[in-house]
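To start, the structure itself, in structure tokens.
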Amino acid sequence: IAEIRLNDKCGVQPARGQQLWDWAAELARHSDDAEFLTCTYATPAHTAVAEQLMAWMRDCGFDDVHRDAVGNVVGVYHGTAGATAGQRLLTGSHFDTVRRAGRFDGRLGIFVPMLVVRDLHRAGRRLPFGLEVVGFSEEECQRFPADFLASSAVIGAFDADWLARTDAAGITLADAMRAAGLPGSDEAIQALRRDPARYLGFVEVHIEQGPVLDSLDLPLGIVTSINGSRRYTGEVIGLASHAGTTPMGQRRDAAAGVAELILFCEQRAAAVPDVVGTVGMLEVPSGSINVIPGHCRFSLDLRATTDEARDALDADVRAKLDEICQRRGLSFTLQPTLAANAAPSHPAWQARWEAAVTALGLPLHRLPSGAGHDAMKLHELLPQAMLFVRGGNGGISHNPLESVTVDDAELAVAAFEHLIENLHV
Ligand code: HGY
Ligand code: MN
Ligand code: MN
Ligand code: MN
Numbered sequence: 172i173a174e175i176r177l178n179d180k181c182g183v184q185p186a187r188g189q190q191l192w193d194w195a196a197e198l199a200r201h202s203d204d205a206e207f208l209t210c211t212y213a214t215p216a217h218t219a220v221a222e223q224l225m226a227w228m229r230d231c232g233f234d235d236v237h238r239d240a241v242g243n244v245v246g247v248y249h250g251t252a253g254a255t256a257g258q259r260l261l262t263g264s265h266f267d268t269v270r271r272a273g274r275f276d277g278r279l280g281i282f283v284p285m286l287v288v289r290d291l292h293r294a295g296r297r298l299p300f301g302l303e304v305v306g307f308s309e310e311e312c313q314r315f316p317a318d319f320l321a322s323s324a325v326i327g328a329f330d331a332d333w334l335a336r337t338d339a340a341g342i343t344l345a346d347a348m349r350a351a352g353l354p355g356s357d358e359a360i361q362a363l364r365r366d367p368a369r370y371l372g373f374v375e376v377h378i379e380q381g382p383v384l385d386s387l388d389l390p391l392g393i394v395t396s397i398n399g400s401r402r403y404t405g406e407v408i409g410l411a412s413h414a415g416t417t418p419m420g421q422r423r424d425a426a427a428g429v430a431e432l433i434l435f436c437e438q439r440a441a442a443v444p445d446v447v448g449t450v451g452m453l454e455v456p457s458g459s460i461n462v463i464p465g466h467c468r469f470s471l472d473l474r475a476t477t478d479e480a481r482d483a484l485d486a487d488v489r490a491k492l493d494e495i496c497q498r499r500g501l502s503f504t505l506q507p508t509l510a511a512n513a514a515p516s517h518p519a520w521q522a523r524w525e526a527a528v529t530a531l532g533l534p535l536h537r538l539p540s541g542a543g544h545d546a547m548k549l550h551e552l553l554p555q556a557m558l559f560v561r562g563g564n565g566g567i568s569h570n571p572l573e574s575v576t577v578d579d580a581e582l583a584v585a586a587f588e589h590l591i592e593n594l595h596v
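Note that UniProt numbering has the sequence shown beginning at 172, numbered continuously upward.
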């Protein structure tokens, strides 16, 4: 691989990979956190990123660049049929991040098509179809319990009830949208639904966020399916009481109950291949060192390569929570925030990615996506397939150590270019 990477066999020079790297570095300057990259929905940093992306899209020669009612950044490069007729290929990824994130998760999948449009425009070329690149404004589900709200709006699945949901500070989604200069009305959001008849399909380029390609020393991978997931935010209620005087056998310790659940979730998920379960958030609100926790908040993220395995894990974890609470004299609530089924790649679009990777002289490696992506929501509206790009440092992601090489970024651009140049409509 090292020999064929970027030598005259590929005829690929890393200039565009370097531009992608530079854009990622520049965008990382806009952060909610002074120390590490954090860019959550509708914050000033998030709006600054949207403005910067729109400016770069205009420089790249997109015909129509705008921010839509949920804050998606949309760039359209018309095909030969012009603005009205003809179909479009939809592509893109998200620009929001988790807290203390890496700089390529999501954003790489916006930059790749932007670079291809830039070079089409420089060459004065038009394709027989339009290219619509979407920078999805909210995929990481960090601030509001309204998961994948941005791509949900694009497929017409935005739930008006989400507008009343609040963040940790009690701000409603609608108010946060309006504070970010967005309409914050369900009517404006429902109008974002794309008409599937106008689109050929959806493709997304994304970092793998896992160790497979790095371990195989492969720059690109073909996604076969995106794992489904179920997510919850939960609360367990016990009885706050004195840590010094309450005998161990008379406690209703909410945190101890959740701790039991966490260990059960870990053991149950570990017992079955390709099944994962995570409690990523855990909090004793207003806790004190000398008070038995009467209240504990937590999250649940349950995933598997098949919906059956995911649902079995879900049922077992919820049954265990009920058993723990019965035995410990606790009560609980669980609010579902996401139920996304596995999204298999469309065979024709997967084949187009395979042809592109093969054309670069690279071997094919097919793998499922353990991470969720906007493509799993677009899957409900359009045929979709994804291309993975190797992550360095063992593919670590959702961590500042996330990395992509300029060479691999260059190959991703070349693969996307091959796909659209060979897309016969
Ligand atoms: O959680 C995920 O899988 C994605 O990174 N949002
Ligand atoms: Mn992510
Ligand atoms: Mn992502
Ligand atoms: Mn006291």
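No residue lacks a Cβ here, since even glycine has one placed at the ideal position from N, Cα and C. Predicted, not measured: the structure shown is a model, and the values here were computed from it.
Starting from residue i, follow its DSSP beta bridges and name the residues at the other end.
{"i": "glutamine 555", "result": "Phe373"}
{"i": "alanine 514", "result": "Ile397"}
{"i": "isoleucine 408", "result": "His466, Ser502"}
{"i": "tyrosine 212", "result": "DSSP, once it has assigned bridges, lists no residue as partnering tyrosine 212."}
{"i": "alanine 475", "result": "Gly399, Val446"}
{"i": "arginine 259", "result": "Gly301, Tyr370"}
{"i": "arginine 238", "result": "Val244"}
{"i": "leucine 509", "result": "Arg402"}
{"i": "serine 540", "result": "Ile397"}
{"i": "isoleucine 342", "result": "Its beta-bridge partners do not exist; DSSP assigns none."}
{"i": "isoleucine 360", "result": "According to DSSP, which records beta bridges pairwise, isoleucine 360 is partnered with nothing at all."}
{"i": "glutamate 454", "result": "Arg468"}
{"i": "arginine 561", "result": "Note: arginine 561 sits in no beta bridge, so no partner."}
{"i": "threonine 416", "result": "DSSP output for threonine 416 lists no bridge partner at all."}
{"i": "glycine 306", "result": "Val244, Ser264"}
Can you check which of these residues, the options, is closest to residue i by C-alpha distance?
{"i": "aspartate 472", "options": "Val488, Ala331, Gly500, Arg314", "result": "Val488"}
{"i": "glycine 565", "options": "Phe559, Leu558, Glu573", "result": "Glu573"}
{"i": "aspartate 579", "options": "Pro571, Leu590, Phe559, His569", "result": "Phe559"}
{"i": "histidine 466", "options": "Asp193, Gly428, Arg238", "result": "Gly428"}
{"i": "isoleucine 567", "options": "Leu553, Arg297, Gln380, Ser540", "result": "Gln380"}
{"i": "serine 386", "options": "Arg187, His536, Trp194", "result": "His536"}
{"i": "glutamate 581", "options": "Arg402, Gly280, His237", "result": "Gly280"}
{"i": "alanine 504", "options": "Pro367, Thr404, Val236, Pro316", "result": "The residue you asked about is not alanine; residue 504 is threonine in the sequence shown. Nearest option by C-alpha distance: Thr404."}
{"i": "proline 444", "options": "Ala254, Ala480, Arg229, Arg187", "result": "Ala480"}
{"i": "aspartate 424", "options": "Ala440, Gly409, Leu291", "result": "Gly409"}
{"i": "glutamate 309", "options": "Gly448, Val575, Val288, Phe329", "result": "Phe329"}
{"i": "alanine 441", "options": "Ala556, Leu208, Ala475", "result": "Ala475"}
{"i": "serine 459", "options": "Ser412, Leu509, Val575, Asp482", "result": "Ser412"}
{"i": "arginine 187", "options": "Ser516, Gln506, Val584, Gly562", "result": "Val584"}
{"i": "asparagine 461", "options": "Leu509, Ile433, Lys491, Ala414", "result": "Ala414"}
{"i": "glycine 327", "options": "Ala339, Ser516, Arg365, Tyr248", "result": "Arg365"}
{"i": "valine 450", "options": "Arg402, Ala486, Asp482", "result": "Arg402"}
Quick one, are the C-beta atoms of residue i and residue j less than 8 Å apart?
{"i": "leucine 453", "j": "phenylalanine 435", "result": "no"}
{"i": "serine 264", "j": "phenylalanine 307", "result": "yes"}
{"i": "leucine 191", "j": "phenylalanine 373", "result": "no"}
{"i": "threonine 343", "j": "leucine 334", "result": "yes"}
{"i": "alanine 526", "j": "alanine 546", "result": "no"}
{"i": "threonine 268", "j": "cysteine 312", "result": "no"}
{"i": "glutamate 431", "j": "isoleucine 495", "result": "yes"}
{"i": "alanine 351", "j": "alanine 213", "result": "yes"}
{"i": "arginine 349", "j": "glycine 301", "result": "no"}
{"i": "histidine 201", "j": "alanine 216", "result": "yes"}
{"i": "alanine 221", "j": "glycine 242", "result": "yes"}
{"i": "proline 464", "j": "alanine 426", "result": "yes"}
{"i": "leucine 533", "j": "threonine 395", "result": "no"}
{"i": "valine 283", "j": "glycine 232", "result": "no"}
Can residue i be considered in contact with ligand 3, in the sense that its beta carbon sits closer than 7 Å to one or more heavy atoms?
{"i": "alanine 426", "result": "no"}
{"i": "histidine 544", "result": "yes"}
{"i": "histidine 217", "result": "no"}
{"i": "aspartate 318", "result": "no"}
{"i": "aspartate 276", "result": "yes"}
{"i": "histidine 265", "result": "yes"}
{"i": "histidine 550", "result": "no"}
{"i": "histidine 377", "result": "yes"}
Around the Cβ of residue i, are there at least 16 other Cβ atoms within 10 angstroms (buried) or fewer (exposed)?
{"i": "alanine 173", "result": "Its pLDDT being 44, under 50, alanine 173 is placed unreliably by the model, and the measurement read from it follows with that caveat. Flag for alanine 173 reads exposed."}
{"i": "asparagine 398", "result": "buried"}
{"i": "threonine 416", "result": "exposed"}
{"i": "isoleucine 393", "result": "buried"}
{"i": "histidine 595", "result": "exposed"}
{"i": "alanine 542", "result": "buried"}
{"i": "proline 418", "result": "exposed"}
{"i": "alanine 511", "result": "buried"}
{"i": "glutamine 421", "result": "exposed"}
{"i": "alanine 240", "result": "buried"}
{"i": "glutamine 555", "result": "buried"}
{"i": "serine 323", "result": "buried"}
Hey, is residue i close to ligand 1, as in C-beta under 7 Å from one of its heavy atoms?
{"i": "glutamate 311", "result": "yes"}
Determine whether the Cβ of residue i lies closer than 8 Å to any Cβ atom of chain B.
{"i": "arginine 499", "result": "The structure shown contains no chain B; it is built from a single protein chain."}
For ligand 2, any of its heavy atoms closer than 7 Å to the Cβ of residue i?
{"i": "histidine 569", "result": "yes"}
{"i": "valine 575", "result": "no"}
{"i": "valine 269", "result": "yes"}
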